[in-house]
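Q: Each residue of the sequence shown is one higher than the last, beginning at 20 in my numbering.
This is the structure, below, for whatever I ask next.
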Amino acid sequence: SSGINAEYGGSFKDGAFHGKGTLHFKNGSTFTAVWKEGIPQEETDSGGKYKFKDGLEYSEEDWQYCDGYDRRFYTETLHGLKPAGRSQKVDKEPSPPIPKGWYDCGDGVYNPESRIVFSYSSHDFIRNADTDEHKWIVTTCRRGSDFFVGKSYVPPTP
20 SSGINAEYGG SFKDGAFHGK GTLHFKNGST FTAVWKEGIP QEETDSGGKY
70 KFKDGLEYSE EDWQYCDGYD RRFYTETLHG LKPAGRSQKV DKEPSPPIPK
120 GWYDCGDGVY NPESRIVFSY SSHDFIRNAD TDEHKWIVTT CRRGSDFFVG
170 KSYVPPTP
């Protein structure tokens, strides 16, 4: 276990990650790499692969998920869009509650005053956001508010 709420499965050398190993994060995602003295070696074939809980593998070169051109969520690319009138606001449904003034940043809720990301349900600490992540979250992510925007969906009764 480390200070980033993850467990490591793999080899060590002199107390540092060394050889092939995987970080298992509390949110269900993983990061697998070939490590050398605690540093992931990106130039290796198997190093530096981040996989989200839902199985989506991150790729810096060929990233096609929720980019500037295609804003669909990963589940929408797998299972199709919702019917007309039913927007999908988050990848995981039902949408987790977001405290007023906080943001849904994908792996938890973000408090912009403390600049901390917390888990959705238990509000456990996940990480501190640096300046770049803070700017991205407040300009891109869904914000919790005290008012409703849009129409609510009422399913038809049989």
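Glycine is no exception: its CB is placed at the ideal position from the N, C-alpha and C atoms.
Please classify Gly137 as buried or exposed, where buried requires at least 16 other C-beta atoms within 10 Å of its C-beta.
A: The sequence given here has Phe at residue 137, not Gly. Phe137 comes out buried.
Q: When burial is assigned at 16 or more other CB atoms within 10 Å of the CB, is Trp155 buried or exposed?
A: Answer is exposed; the Cβ neighbour count stays below 16.
Q: Once you ignore the five residues that flank Tyr69 on each side, which residues in its own chain have a CB closer than 6 Å to its CB?
A: If we look at Tyr69 and ignore the five residues flanking it on each side, its Cβ neighbours are Phe50 and Tyr77.
Q: Using 8 Å for Cβ pairs, my map puts Gly57 next to Thr41. What's the rounded Cβ distance?
A: Contact flag wrong, Cβ pair sits at about 15 Å.
Q: Leaving out the 5 sequence neighbours to the left and right, which residues in its chain are closer than 8 Å to Lys39 when beta-carbon positions are compared?
A: Once the five neighbours on either side are set aside, the close Cβ partners of Lys39 are Gly29, Ser30, Thr51, Ala52, Val53, Trp54 and Ser65.
Q: Name the one or two DSSP bridge partners that Leu42 has.
A: The partner list for Leu42 (beta bridge, DSSP) reads Tyr27 and Phe50.
Q: Does DSSP put Ile117 in a helix, in a strand, or in coil?
A: Three-state result, Ile117: coil.
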